[in-house]
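According to the numbering used here, the residues represented by the sequence shown are 305 to 405, in order.
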Amino acid sequence: GAWGRQGGLYFNRSPYLEAYPHPEFTVAGSAGGCSAEPGEESDELPTGPSGKTRADGVRQTFLRGPTALQELIPPMITGDPYRIAGLVAFGINMLHSIPDP
Numbered sequence: 305g306a307w308g309r310q311g312g313l314y315f316n317r318s319p320y321l322e323a324y325p326h327p328e329f330t331v332a333g334s335a336g337g338c339s340a341e342p343g344e345e346s347d348e349l350p351t352g353p354s355g356k357t358r359a360d361g362v363r364q365t366f367l368r369g370p371t372a373l374q375e376l377i378p379p380m381i382t383g384d385p386y387r388i389a390g391l392v393a394f395g396i397n398m399l400h401s402i403p404d405p
């Protein structure tokens, strides 16, 4: 037995850390049809930070909020609800995130 002994084979042990108390994480959906719980869908347009609804009548899809990457493919092809002229991606590998789009 040379494992973990002086002069023997070394293996790293991580230090023991107490569990960190953190607040509950809230998940607020804003990705198109995923923004409401089942049965809570509404025909009313949601209000934005200014207290007004969007002029084009579109819900929160692509309004500077998180969205599922799969939801970007049809608007890129069709231009509906509006044409996507550019896409800034940070910290993601799109070729591995959506195989076979």
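Every residue, glycine too, gets a C-beta built ideally from N, C-alpha and C. Just so we're clear, the structure is a prediction, and the values are computed from it rather than from any experiment.
- prompt: Would DSSP call residue 313 helix, strand or coil?
  reply: For the purposes of this step, residue 313 is identified with residue 9 of the sequence shown, where counting begins at 1. Three-state DSSP puts residue 313 in a strand.
- prompt: Do residue 373 and residue 354 have their C-beta atoms closer together than 7 Å?
  reply: By 1-based counting over the sequence shown, the position of residue 373 is 69. By 1-based counting over the sequence shown, the position of residue 354 is 50. Taking 7 Å as the Cβ cut-off, residue 373 and residue 354 do not qualify as a contacting pair.
query: At a cut-off of 6 Å, is residue 314 close to the ligand GTP when judged by its beta-carbon and the heavy atoms of the ligand?
result: Among the components of this structure there are no ligands whatsoever, and the ligand GTP is therefore not found.
query: From this set, 322, 328, 382, 306, which residue's C-alpha is nearest residue 315's C-alpha?
result: Along the sequence shown, read from residue 1 onward, the residue named residue 315 stands at position 11. The shortest Cα separation from residue 315 among 322, 328, 382, 306 belongs to 306.
field: First through last residue of the alpha helix (DSSP H) which encompasses residue 401
entry: The sequence position of residue 401 within the sequence shown is 97, counting from 1. Residues 398-401.
field: Span of the alpha helix (DSSP H) around residue 377
entry: Position 73 of the sequence shown, counting from 1, holds the residue named residue 377. 377-382 is the extent of the alpha helix (DSSP H) around residue 377.
query: Could you give the distance in angstroms between the alpha-carbon of residue 328 and the alpha-carbon of residue 387?
result: Here residue 328 corresponds to residue number 24 of the sequence shown, with the count starting at 1. Here residue 387 corresponds to residue number 83 of the sequence shown, with the count starting at 1. Each residue's Cα considered, the two are about 37 Å apart.
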